[in-house]
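Per my numbering, the sequence shown runs over residues 61 to 392.
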Amino acid sequence: MAELAERLRRLRAQAGAPPEPVPVRTAPTVDTSPPAMSTQSALHPPPARVDGLKVLLRRQVARSGHGAVSNVAAGPPAEGEGVLIPGPTVGVAISSQAPGTEISHGLFEHRELLAMPAPVPWLWLPDLHPQLLPTDALLHFDTETTGLAGGTGTRAFMLGFARWRPEGLEVRQLWINALGAEPAMLERFAQWLAEGAFQLVSYNGRSFDAPLLRARYRLSRQRDPLAGLPHHDLLHAVRRRFRREWPNCRLAEAEARLLGVRRIDDLPGAAAPAAFLEALRGSSAAPLQRVRAHHFQDLVSLAGLLPRLCELAFQAPRSWSLQASLAVRGGG
């Protein structure tokens with residue numbers, strides 16, 4: 061270990077990077093200590109540091125023959141392997157049965173902190189973005205809607221995000237059971253986004269979730285809180301890497317193959333509009349709670365997917381682009 065540490069110090073000096081620990085896991089254990097830096101520096105690390113770290117990462121990959129992380133194959137993890145997600149038992153989805161709290165008429169909120177080890181402070185997936193991504197600034201968001209076609213008449217009746225904190229994964233959800241509560245839900249979600257200088261992470265969110273929310277904020281005459289925020293859509297990276305190997309690249313396929321998640325008695329996302337309609341009619345709230353449990357797992361899987369993709373990119377760098385093929389733009 062001492063010899064390896066000395067080697068890394070020499071590599072840092074050659075690359076011109078400052079003498080700080082390289083944010084890459086060198087064992088199945090996870091570094092949970094967050095970087096001591098301001099929000100501004102977290103979102104925009106110095107170019108010299110980024111370039112130096114890239115050089116170090118490439119040299120380390122070339123020297124070892126695989127990534128500087130646990131050697132996990134690009135498929136469902138075997139029993140006992142170190143996996144960030146999927147929960148108390150490897151391969152079993154996390155279930156949240158909490159009913160939520162009604163914070164105003166027809167608007168419900170649920171917050172939960174999962175005792176999961178946070179990933180390393182910085183993540184780098186060159187196929188997604190050429191720069192290092194600060195883990196604690198990433199907001200993994202998702203919606204459940206009244207329809208899958210989009211358009212002005214489609215509403216989001218459930219919003220949520222997952223965010224890595226030093227003590228674990230924080231999941232927040234908002235949902236409504238009355239149409240009149242939608243403006244209050246949008247306002248509450250905007251307040252959450254104003255808590256920090258975040259970067260958005262989604263799965264098909266650039267094409268669906270963000271445009272839909274933009275339309276709903278406009279119709280509610282509220283400012284769009286997603287406007288101007290960097291937005292990283294993982295669907296594009298997954299498609300580029302696995303579209304020739306998988307039957308499809310839906311989130312359910314990605315979480316099963318990369319995280320080992322097996323959902324039990326899960327309500328399909330396509331059934332969400334009907335469940336919301338039942339809640340509106342007052343016939344039963346049980347289907348809506350099943351939608352909330354489905355949405356909860358979507359957020360947890362989304363938060364684990366980016367670190368997992370980074371692991372695979374380190375293990376097989378030639379299978380991933382060394383230059384970003386998708387420019388990160390602001391405004392959703």
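Even glycine gets a Cβ: it sits at the ideal position worked out from N, Cα and C.
My assumption, with CB atoms under 8 angstroms, is that residue i sits in contact with residue j. Please give the rounded CB distance.
{"i": "Arg-291", "j": "Arg-266", "result": "The displayed chain sequence assigns His, not Arg, to residue 291. Rounded, the Cβ-Cβ distance is 6 angstroms, consistent with contact."}
{"i": "Trp-184", "j": "Cys-370", "result": "6 angstroms"}
{"i": "Thr-205", "j": "Phe-217", "result": "7 angstroms"}
{"i": "Glu-315", "j": "Ser-361", "result": "4 angstroms"}
{"i": "Asp-269", "j": "Asp-202", "result": "7 angstroms"}
{"i": "Leu-167", "j": "Thr-214", "result": "Not confirmed; about 19 angstroms, so no contact."}
{"i": "His-165", "j": "Ala-238", "result": "7 angstroms"}
Alpha carbons only, please: which of the options is nearest the one belonging to residue i?
{"i": "Arg-341", "options": "Val-321, Pro-328 and Ile-236", "result": "Ile-236"}
{"i": "His-355", "options": "Pro-328, Ala-244 and Leu-198", "result": "Pro-328"}
{"i": "Glu-162", "options": "Gln-375, Leu-337 and Arg-248", "result": "Arg-248"}
{"i": "Ile-324", "options": "Arg-215, Ala-312 and Ala-376", "result": "Ala-312"}
{"i": "Gly-256", "options": "Ala-331, Leu-198 and Arg-304", "result": "Leu-198"}
{"i": "Leu-319", "options": "Leu-289, Gly-160, Leu-366 and Ala-297", "result": "Leu-366"}
{"i": "Ala-373", "options": "Thr-203, Gly-288, Arg-300 and Ala-331", "result": "Arg-300"}
{"i": "Ala-363", "options": "Pro-179, Leu-348, Ala-353 and Val-351", "result": "Pro-179"}
{"i": "Arg-274", "options": "Ala-353, Leu-246 and Gln-251", "result": "Leu-246"}
{"i": "Leu-219", "options": "Ala-376, Ala-332 and Glu-338", "result": "Ala-332"}
Where does residue i fall in DSSP's three states?
{"i": "Glu-338", "result": "helix"}
{"i": "Thr-206", "result": "coil"}
{"i": "Leu-183", "result": "strand"}
{"i": "Gln-357", "result": "helix"}
{"i": "Gly-240", "result": "helix"}
{"i": "Arg-283", "result": "coil"}
Could you tell me if residue i is buried or exposed, where buried requires 16 or more neighbouring beta carbons within 10 angstroms of its beta carbon?
{"i": "Ala-297", "result": "buried"}
{"i": "Arg-276", "result": "buried"}
{"i": "His-200", "result": "buried"}
{"i": "Pro-307", "result": "exposed"}
{"i": "Arg-431", "result": "As displayed, the chain neither begins before 61 nor continues past 392, which places residue 431 out of reach and without an answer."}
{"i": "Ala-287", "result": "exposed"}
{"i": "Gln-357", "result": "buried"}
{"i": "Ala-330", "result": "exposed"}
{"i": "Ala-254", "result": "exposed"}
inquiry  = Three Cβ pairs or more, each shorter than 8 angstroms: is that satisfied between the stretch 256-264 and the stretch 180-200?
reply    = With the cut-off at 8 angstroms, the stretch 256-264 and the stretch 180-200 touch.
task = Evaluate contact between the stretch 163-175 and the stretch 213-232, counting only Cβ atoms and requiring at least three cross-stretch pairs below 8 angstroms.
result = In the pairwise beta carbon analysis, the stretch 163-175 is classified as touching the stretch 213-232: at least three pairs are separated by under 8 angstroms.
request  = Could you say if the stretch 290-308 and the stretch 341-353 meet the contact criterion of at least three C-beta pairs nearer than 8 angstroms?
outcome  = The stretch 290-308, when compared against the stretch 341-353, does not touch it at the 8 angstroms Cβ threshold.
ask   = Would you call the stretch 237-244 and the stretch 275-289 in contact, with 3 or more CB pairs under 8 angstroms?
value = Yes, the stretch 237-244 touches the stretch 275-289.
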